[in-house]
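Chains as they are written, first to last, in the working numbering: chain P, 3 to 150; chain U, 3 to 150. Inspection log for the structure reproduced underneath, given as structure tokens.
Protein chains: 2
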Amino acid sequence: MSYSIGEVVKKTGLSAHTLRYYEKEGLLPFVKKNASGVRAYSDEDLRWLTMIECLKDSGLQIKEIRQYIEWFNEGDSTLPQRLSLFENRRKILEKEMARLTVVMNKIRYKELLYREAVRVGNLDVATNERRFQHLKKKLFESPDDFDK
Amino acid sequence: MSYSIGEVVKKTGLSAHTLRYYEKEGLLPFVKKNASGVRAYSDEDLRWLTMIECLKDSGLQIKEIRQYIEWFNEGDSTLPQRLSLFENRRKILEKEMARLTVVMNKIRYKELLYREAVRVGNLDVATNERRFQHLKKKLFESPDDFDK
DNA sequence: TCTGTACCTAGAGTTAGCTCTAAGTATTAT
DNA sequence: ATAATACTTAGAGCTAACTCTAGGTACAGA
Chain P
3 MSYSIGEVVK
13 KTGLSAHTLR
23 YYEKEGLLPF
33 VKKNASGVRA
43 YSDEDLRWLT
53 MIECLKDSGL
63 QIKEIRQYIE
73 WFNEGDSTLP
83 QRLSLFENRR
93 KILEKEMARL
103 TVVMNKIRYK
113 ELLYREAVRV
123 GNLDVATNER
133 RFQHLKKKLF
143 ESPDDFDK
Chain U
3 MSYSIGEVVK
13 KTGLSAHTLR
23 YYEKEGLLPF
33 VKKNASGVRA
43 YSDEDLRWLT
53 MIECLKDSGL
63 QIKEIRQYIE
73 WFNEGDSTLP
83 QRLSLFENRR
93 KILEKEMARL
103 TVVMNKIRYK
113 ELLYREAVRV
123 GNLDVATNER
133 RFQHLKKKLF
143 ESPDDFDK
């Protein structure tokens, strides 16, 4: 099976501009073209696009994805490099999730505080309520930094 | 207490360029300047910088942070808007954490697979091992999309 | 043959968030 | 007094990842 760029747009949700851009950046080195230059994407190309999306979602830059694809095409001699890429990425994702957890706590505190402030119609009154003072001390190292 | 831009650079880790840029974008509407135009940051300004960093970490754009600061300065009449901002942010962070969890599973699968591939020196052999076939089926809707 | 749609390339433009440069003023230490 | 350091502004430059434009080709249906 092969697919026109328009069909791939429908399948992937990427724009035709973006698909051509990816190709120019070396992310799709196997896409074939017919005699008049029109692209014909294979099922293999679509699987690459799925993988590219996953790597992109994990935070890899396009040039890093291109590097991965080059390693893949060089065969088993680059297995250690590829392992190392996934290890690093896993560590970065772990840090990112930890970071988001910390941010989430702060934002949730703000949401609760503002819900109370809206209820009583006054931010300072809400901020000075014992339970919010308590919560703030529990959550933050320098609690007053969160009075803004 | 007041601080020169250089002291704030040391305290916050932001560059002087970035601090002036933030001010130009309306993020620090209270910073005072002396007769010769030199900035003198107050403790209040530093607290704003902490809050700005938190909002930035939560994914807010600079113009959205400026909007929040404007609301803050307008007083209690804008409490509902601010509550709504934090509610939306909390929801977006929840989605982001869910997204990262999904991505993490895929990357961890790849890491395990490549660790085995490096051990046996061959990606195809590792991919075809029963436990990786099993893992792949468990993790993904279209497992073959992850053979890249 | 005409009309419309889908496709092509090369290259310019956009956006966010910095980051840096140039040219000048002010402050501090010796 | 002089040298070094820190500060100022306006505005240009950078990077990533698109996003769009202009001008053209290819082909299908009425």
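All residues carry an ideal CB built from backbone N, CA and C; glycine is no exception. Values in this document were obtained by computation on a predicted structure and should not be read as measured data.
Can you look up residue i in the DSSP assignment and give me helix, strand or coil?
i, result
"U/Lys35", "strand"
Along the chain, where does the alpha helix (DSSP H) that runs through residue i open and close?
i, result
"U/Ser86", "Leu81 to Val122"
"P/Gly77", "That residue, P/Gly77, is in no alpha helix (DSSP H); it is neither H nor E in DSSP."
"P/Leu29", "Taken as a continuous stretch (DSSP letters only), P/Leu29 belongs to no alpha helix (DSSP H), as it is neither H nor E."
"P/Glu9", "Ile7 to Thr14"
"U/Leu125", "Leu125 to Asn130"
Sorry if obvious, but does the Cβ on residue i come closer than 7 Å to a heavy atom of the ligand GTP?
i, result
"P/Lys35", "Among the components of this structure there are no ligands whatsoever, and the ligand GTP is therefore not found."
Cutting at 7 Å between CB atoms, please list the residues of its own chain near residue i, excluding the five before and the five after it.
i, result
"U/Leu81", "none"
"P/Leu87", "Tyr70"
Once you ignore the five residues that flank residue i on each side, which residues in its own chain have a CB closer than 8 Å to its CB?
i, result
"U/Glu46", "Phe32"
"U/Ala42", "Ser4, Tyr5, Ser6, Val33, Lys34, Lys35 and Asn36"
"U/Phe112", "In the sequence under discussion, the amino acid at residue 112 of chain U is Lys, which differs from the Phe named in the question. Hits under 8 Å: Phe148."
"P/Asn75", "Pro31"
"U/Lys65", "Glu27"
"P/Val11", "Ser17, Ala18 and Leu21"
The beta strand (DSSP E) spanning residue i covers which residue range?
i, result
"U/Ile44", "Looking at the sequence provided, one finds Ser at residue 44 of chain U rather than Ile. Unbroken beta strand (DSSP E) run through U/Ser44: Arg41 to Ser44."
For residue i, which residues of its own chain have a beta-carbon under 6 Å away from its beta-carbon, when the five flanking residues on both sides are left out?
i, result
"P/Tyr24", "Leu30"
"U/Leu57", "Ile67"
"U/Arg84", "Trp73"
Open item on the list: Beta carbons nearer than 7 Å to chain P: which residues of the segment 31-54 of chain U have them?
Closed with: Listed in sequence order: Arg49, Trp50, Thr52 and Met53.
Task: Against chain P: residues of the segment 54-71 of chain U by CB proximity under 7 Å - done: The segment 54-71 of chain U vs chain P, Cβ under 7 Å: Cys56, Asp59 and Ser60.
Task: Selection of the segment 93-108 of chain U by Cβ proximity to chain P, strictly under 9 Å - done: Within the segment 93-108 of chain U, Leu95, Glu96, Glu98, Met99, Arg101, Leu102, Thr103, Val104, Val105, Met106 and Lys108 place their CB atoms closer than 9 Å to a CB of chain P, listed in sequence order.
TODO: Scan the segment 115-132 of chain P for residues whose Cβ lies nearer than 8 Å to a Cβ of chain U and list them as they occur along the chain.
DONE: Under the 8 Å Cβ criterion, the segment 115-132 of chain P contributes Tyr116, Arg117, Ala119, Val120, Gly123, Asn124 and Leu125.
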